[in-house]
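Here is the structure we will look at.
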Amino acid sequence: MSLQTYSAADVARRWQNAPQLDPETERLAALATIEFLTAVREKLSRHIDDMAAGRAASDGSDLHEVWDFSSFDPKHLDFLLPTLGEGEVKILLFNGEARAADTGIPGLWRVQAGDDGRAANSFVLGRLPRTVLVVSDRGETEVPKLVNPSADVFAAPAILEELGHELKSEAESGRIERLSDDPAFMVELQRQPLSPGDMTALLSTLGTGDIEVELQGFAHSRFTRTRVRNLWRSRIINNSGKTLLDAFVVARVPPEVPVSAEEFPEAVRKCTDLIEWIRHDLERGTLGGRREVSHA
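Residue numbers (the numbering used here): 18 to 313.
If you want it as structure tokens, here you go:
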């Protein structure tokens with residue numbers, strides 16, 4: 018076994034979090050998980066080949082595969098979901114009416130629409146679920162005129178003008194339509210001579226849109242779409258609660274959020290490692306209570 022991307026402790030921790038299943042159900046759930054991971058791996062491998070041959074966009078944006086939860090036995094999902102694990106990105110649409118979160122496999126997302134009692138769930142394989150991109154295309158097309166122009170507003174008009182100019186430039190060039198891995202244009206608010214009135218005016222003018230993203234890593238990042246299409250507020254706060262960055266960012270989606278196509282090979286390796294772990298534990302009886310071999 019290669020076991021390059023997961024330690025024994027990693028996998029044990031995931032399966033300890035799975036609900037207790039009877040041995041036969043656990044065995045069938047493990048086999049169903051192997052089947053699913055094999056399908057994901059094949060889709061990824063084929064797309065990597067297509068990108069290399071020029072049959073697909075080099076940035077990986079063409080990849081979008083969907084598996085509805087209705088195609089899985091609910092008890093098998095109780096095993097599959099903890100096995101996949103959770104990633105670092107959580108996305109809320111329309112104040113939580115829909116949500117997406119990455120799994121432990123780069124590019125594999127769980128998407129949910131509706132409340133828990135009537136939710137439609139699916140797995141989506143791609144750089145970013147299309148649901149998020151559809152919502153990101155909503156909103157005002159231009160930066161509005163300043164609202165709340167009180168006496169202590171000084172820097173806000175110039176910032177709005179700069180953001181509006183950059184949005185127009187990005188739109189005219191077509192760059193804004195791409196999911197770029199490159200750093201996005203930003204105006205760092207901490208570097209601006211802002212008065213309290215400036216901040217109030219900026220937030221009132223740009224407002225809050227329908228997408229909120231949280232990214233948990235070495236620090237806590239929050240990206241909130243404004244009411245203006247392709248304009249976000251980005252904040253990074255360290256574990257001590259100190260704000261490291263507060264900025265307005267011009268991008269279709271901030272580059273930290275989508276999975277990069279460069280991560281697809283890692284996703285293939287992670288699928289392979291999980292498949293091998295499950296097969297190994299089926300063979301020695303750790304899963305399912307008896308020996309079982311899958312030749313996926």
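For each residue, glycine too, the CB sits at the ideal point set by N, CA and C.
Inspect the beta-carbon positions of residue i and residue j and report whether they are closer than 8 Å.
i, j, result
"T225", "R239", "no"
"P282", "A201", "no"
"A218", "A268", "no"
"G102", "G121", "yes"
"G181", "R246", "no"
"K107", "E231", "yes"
"S153", "I228", "yes"
"L110", "V149", "yes"
"R144", "A278", "yes"
"T222", "L184", "no"
Quickly, what does DSSP pair residue i with across the bridge? List them, please.
i, result
"W84", "F140"
"E229", "L109 and T241"
"M203", "V266"
"A117", "I108 and V128"
"T260", "I254"
"E179", "Bridge partners of E179: none, in fact."
"E103", "T120"
"W249", "R242 and V266"
By Cβ distance, which residues of its chain are closer than 6 Å to residue i, with the 5 residues on each side in sequence left out?
i, result
"I253", "A236, S238, L261 and L262"
"P123", "V276, E280, E283 and A284"
"H93", "A46 and A49"
"P210", "A172"
"S167", "G214"
"V141", "V83, W126 and V128"
Going by other Cβ atoms of all chains shown within 10 Å of its Cβ, with 16 needed for buried, is residue i buried or exposed?
i, result
"F314", "No statement about residue 314 is possible, as the shown extent of the chain runs from 18 to 313 and does not include it."
"G258", "exposed"
"S87", "exposed"
"R63", "exposed"
"R301", "exposed"
"Q37", "exposed"
"D119", "buried"
"D290", "buried"
"K162", "exposed"
"S251", "buried"
"T158", "exposed"
Who are the near neighbours of residue i in its chain, counting only those whose CB is closer than 7 Å to its CB and skipping five residues on each side?
i, result
"A136", "Q129 and A130"
"E387", "A query on residue 387 cannot be resolved here, the shown segment of the chain reaching from 18 to 313 and no further."
"M18", "Note that M18 scores a pLDDT of 35, beneath 50, so its modelled location is shaky; the value from the coordinates is reported in the next line. If we look at M18 and ignore the five residues flanking it on each side, its Cβ neighbours are E293 and H297."
Three or more C-beta pairs below 8 Å linking the region 182-200 and the region 68-83: Per the Cβ contact rule, the region 182-200 is in contact with the region 68-83 (3 or more Cβ pairs under 8 Å).
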